[in-house]
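Student: Quick one: the structure is below, questions incoming.
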Amino acid sequence: MRLCGRSNVAEFLEDFIVYRNLAPMDERLPKLDDLRPKLNLPPGTIPRKHELSYAQVIVELLRAAQCLQNPRAELRRLVFIGDTRMSDGGAFDNICQVAGWEGIIFIGSENTELFEFESVQTAGGQTMVLSNRWSALNSSEEYNLRRYCAARGFPIDEHTAVIVDLDKTALGARGRNSQVIDRARVEAVRQTVETLLGDAFNLESFLFSYNQLNQPEFHPFTADNQDYLAYICLILGSGLYDTEKVIREVRGKRLLSFRQFIDQVETHKAQLAPSLQTIHDTIYANVQAGDPTPFKAFRYNEYRQTVQRMGYLPDATPLDVLLREEIVITQEVRALALDWKREGALLFGLSDKPDEASLPTPELAAKGYQPLHRTFTHVVGLPG
Ligand SMILES: [Mg+2]
Numbered sequence: 002m003r004l005c006g007r008s009n010v011a012e013f014l015e016d017f018i019v020y021r022n023l024a025p026m027d028e029r030l031p032k033l034d035d036l037r038p039k040l041n042l043p044p045g046t047i048p049r050k051h052e053l054s055y056a057q058v059i060v061e062l063l064r065a066a067q068c069l070q071n072p073r074a075e076l077r078r079l080v081f082i083g084d085t086r087m088s089d090g091g092a093f094d095n096i097c098q099v100a101g102w103e104g105i106i107f108i109g110s111e112n113t114e115l116f117e118f119e120s121v122q123t124a125g126g127q128t129m130v131l132s133n134r135w136s137a138l139n140s141s142e143e144y145n146l147r148r149y150c151a152a153r154g155f156p157i158d159e160h161t162a163v164i165v166d167l168d169k170t171a172l173g174a175r176g177r178n179s180q181v182i183d184r185a186r187v188e189a190v191r192q193t194v195e196t197l198l199g200d201a202f203n204l205e206s207f208l209f210s211y212n213q214l215n216q217p218e219f220h221p222f223t224a225d226n227q228d229y230l231a232y233i234c235l236i237l238g239s240g241l242y243d244t245e246k247v248i249r250e251v252r253g254k255r256l257l258s259f260r261q262f263i264d265q266v267e268t269h270k271a272q273l274a275p276s277l278q279t280i281h282d283t284i285y286a287n288v289q290a291g292d293p294t295p296f297k298a299f300r301y302n303e304y305r306q307t308v309q310r311m312g313y314l315p316d317a318t319p320l321d322v323l324l325r326e327e328i329v330i331t332q333e334v335r336a337l338a339l340d341w342k343r344e345g346a347l348l349f350g351l352s353d354k355p356d357e358a359s360l361p362t363p364e365l366a367a368k369g370y371q372p373l374h375r376t377f378t379h380v381v382g383l384p385g
């Protein structure tokens, strides 16, 4: 692996990107509200990645993007490059099904074990390629996705859409650099909770609550939602409830959901400090309105913690330090995306990161801060 200069994700995706709110960064693409009548989407809701309606929206956006880029070529095929078998694989299957396309999805997660390159059938009858090297996209000597597509008679041309996942794929590759993304998020939770609790903040008990409740065992309770987890850590840090007791209640199935937890806090909120009551009221209102990202203050901090870790180290930084401390672009993803773009494919980026954690506030934008896909950082990987 080596350093391949500096760039941003927009170099290969331009603004053909949506973050979690499904608001296209390219203003020429239809807004979610414009698509609602056609797709029968109820007002005010944002489809989540595992839902069929999410795929319906993405297919509309891909077709609209294709109209801008190559209006005479109809899309017929999909390649998806991601890092999460369940979540990316599910969205991929749904998109293929909704559009009636044939598809291949690559799922990468790097480790130091022997090279693996395996293809399996997805639940939707499409092809999934799994590998433990990101270089299996295009630069591996043995097998790679590029050659695999050619050998399968699956052309990558102006009839092909290529979806690139952002989180832990194009940025902070899973198994190689993804821990920096996680660290930015934990640091944002800590910073948010510490600021709100002030002197009452205790780092050790915060880390204990966060690390415990972040385990998959507690996903039914936290819905694996980092906003919920941040809020729970805040309330536990305030001393309103005892962490050990909450853990026992979840394990004993007496505390079943986050909703049950926040409803309880609502009943006892008079015991919270006034500043915490205010933040509780805001989050509670967002939760009641169905907002999956109810803890805005935390997500704004996450944005800052994330951009702060992009492109800030000197070019001469040793590679292992760069991969440990900076969120970098995955060279293999970038090289393949640029090649396929040149060959006529439609490139489109998906991110499940909340928009509040991906885009600058107007105040930060005025200071020159950019959305994550436009922020420059180092590029690291195996050159193709
Ligand atoms: Mg991902």
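Under the working numbering, the first residue of the sequence shown carries the number 2, and numbering increases by one thereafter. Heads up, the beta-carbon is just placed ideally off N, CA and C, and yes, glycines get one too.
Have a look at D94, P221, L167 and flag the residue whose alpha-carbon is nearest the alpha-carbon of N9.
Tutor: L167
Student: Taking 8 angstroms as the cut-off, is the C-beta of P158 nearer than that to any heavy atom in ligand 1?
Tutor: Looking at the sequence shown, residue 158 is not Pro but Asp. False, no ligand heavy atom lies under 8 angstroms from that Cβ.
Student: Give the secondary structure of E159 by DSSP, where H, G and I count as helix, E and B as strand, and everything else as coil.
Tutor: It is coil, neither helix nor strand.
Student: Could you tell me the boundaries of the alpha helix (DSSP H) in which T362 lies?
Tutor: Taken as a continuous stretch (DSSP letters only), T362 belongs to no alpha helix (DSSP H), as it is neither H nor E.
Student: By the three-class DSSP mapping on this structure, what secondary structure does T170 have?
Tutor: When DSSP states are grouped into helix, strand and coil, T170 belongs to the coil group.
Student: Taking buried to mean at least 16 other C-beta atoms within 10 Å of its own C-beta, is T378 buried or exposed?
Tutor: Answer is buried; the Cβ neighbour count reaches 16.
Student: By the 10 Å Cβ neighbour count, where 16 or more other Cβ atoms means buried, how is S276 classified, buried or exposed?
Tutor: exposed
Student: Going by C-alpha to C-alpha distance, which of Q70, F296, S239, F116 sits closest to A271?
Tutor: S239
Student: Would K39 count as contacting chain D if we go by Cβ distances under 9 angstroms?
Tutor: The structure shown contains no chain D; it holds only a single protein chain.
Student: With H, G and I counted as helix, E and B as strand and the rest as coil, what does DSSP make of L78?
Tutor: According to the sequence shown, residue 78 is Arg rather than Leu. R78: strand per DSSP, three-state reduction.
Student: With a threshold of 8 angstroms, establish whether the CB of L167 neighbours any heavy atom of ligand 1.
Tutor: yes
Student: Counting pairs of beta carbons, one from the region 291-301 and one from the region 220-230, are three or more of them closer than 8 angstroms?
Tutor: Yes, since at least three Cβ pairs between the region 291-301 and the region 220-230 fall closer than 8 angstroms, the two stretches touch.
Student: Less than 8 angstroms between the CB of D356 and some heavy atom of ligand 1, yes or no?
Tutor: Answer for D356: no, Cβ out of range of ligand 1.
Student: Return helix, strand or coil for M87, following the three-state DSSP convention.
Tutor: helix
Student: Taking the runs of the alpha helix (DSSP H) that are 4 residues or longer, which of them lie wholly in the region 317-345?
Tutor: 320-326, 332-343
Student: Please determine if the region 70-86 and the region 34-41 are in contact, where contact requires at least 3 C-beta pairs separated by less than 8 angstroms.
Tutor: no
Student: What residue from V288, V99, E142 has the CA that sits closest to F118's CA?
Tutor: Nearest in C-alpha terms to F118, of all of V288, V99, E142, is E142.
Student: Would DSSP call F207 helix, strand or coil?
Tutor: helix
Student: Which whole-angstrom value is the C-beta distance of R375 and A11, which I expect to be below 8 angstroms?
Tutor: That pair is a contact at about 5 angstroms.
Student: Can the beta-carbon of V58 be found less than 9 angstroms from the beta-carbon of L40?
Tutor: yes
Student: Quick one: what does DSSP say R177 is sitting in, helix, strand or coil?
Tutor: coil
Student: How far does the alpha helix (DSSP H) with V288 in it extend, from its first residue to its last?
Tutor: Annotation for V288: the continuous alpha helix (DSSP H) segment containing it runs 275-289.
Student: Here's a check: name, in chain order, each residue in its chain whose Cβ is nearer than 6 angstroms to the Cβ of N178, leaving out the five neighbours to either side.
Tutor: L324, V329
Student: By the DSSP assignment, the alpha helix (DSSP H) with T123 in it spans what residues?
Tutor: From DSSP, T123 is part of no alpha helix (DSSP H); its letter is neither H nor E.
Student: Quick check on DSSP: helix, strand or coil for F107?
Tutor: Note: F107 maps to strand in three-state DSSP.
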